[in-house]
Amino acid sequence: MKSILLIMLLFPFFAWAENNECSDIVGEWIGERYDRVMESQRTLYSKYRADGTYSFSFEYISGSGKSAQTESGEWWCIGTNLYISNTELNGELLEPDIQVYNILALTASYMKISIHDVDCEQAGDDCHEGVIYENTRM
């Protein structure tokens with residue numbers, strides 16, 4: 179009986195994971211959260227294009243003022259993982275750096291992800307346990 183109940187509870191997740199092709203990611207999104215490393219409120223404007231490219235624009239607001247950052251590169255999905263390959267930061271070309279995110283929820287208007295297997299020396303704020311990124315469609 180417990181096995182049947184567990185299967186019934188987990189079925190919606192597995193059905194979503196099996197059928198997910200990430201087509202709902204294409205478009206423009208906005209997300210906000212407090213960034214502990216920058217000690218500021220961070221707003222992320224992201225654009226995921228159907229051709230597999232993306233661009234991010236970050237705005238940071240703190241007690242000492244405002245700052246901004248841009249990032250671009252390529253994105254793709256495999257199963258419930260979102261891969262982001264950062265190739266440009268603030269207009270400067272970079273060696274590709276791939277970050278992997280777990281897709282926790284994805285609908286036509288809402289995306290919830292968390293970072294997967296992070297290298298804390300490089301990621302800074304992303305290393306805090308339980309960091310969740312929530313974005314809504316613009």
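For the sequence shown, the working numbering begins at 179 and goes up steadily by one. Where a beta carbon is used, it is the ideal one built from N, C-alpha and C, also for glycine.
(request) Return the first residue and the last residue of the beta strand (DSSP E) that Arg220 is part of. (result) Its beta strand (DSSP E) spans residues 218 to 226.
(message) Are the CB atoms of Ile208 and Tyr223 within a distance shorter than 8 Å?
(response) Result yes, Cβ atoms of Tyr223 and Ile208 sit closer than 8 Å.
(message) At the level of alpha carbons, what is the spacing between Glu266 and Glu249?
(response) Their Cα atoms are separated by approximately 6 Å.
(message) Judging by CA-CA distance, which residue of Ser218, Ile262, Ile293 is the nearest neighbour of Gly241?
(response) When C-alpha distances from Gly241 are compared across Ser218, Ile262, Ile293, the shortest belongs to Ser218.
(request) For Asp213, name the three-state secondary structure that DSSP assigns. (result) It is a strand residue.
(message) Just to confirm my understanding: we take Ile281, look at its own chain, exclude 5 residues before and 5 after, and list those with CB closer than 6 Å. What are they?
(response) Within the same chain, Cβ atoms closer than 6 Å to the Cβ of Ile281 are found at Thr258, Leu260, Ile291, the five residues on either side in sequence being excluded.
(request) Can you grab the Cα-Cα spacing for the pair Cys255 / Ser287, in whole Å? (result) Taking C-alpha positions only, Cys255 is separated from Ser287 by approximately 18 Å.
(message) Using 8 Å for Cβ pairs, my map puts Glu206 next to Lys225. What's the rounded Cβ distance?
(response) That belief holds up - the Cβ atoms of Glu206 and Lys225 are roughly 5 Å apart, short of 8 Å.
(request) Could you name the residues that DSSP lists as bridge partners for Glu237? (result) Note: Glu237 sits in a beta bridge opposite Thr221, Ala246.
(message) To the nearest angstrom, how far is the alpha carbon of Asp213 from that of Val309?
(response) Rounded to whole angstroms, the separation of the alpha carbons of Val309 and Asp213 is 10 Å.
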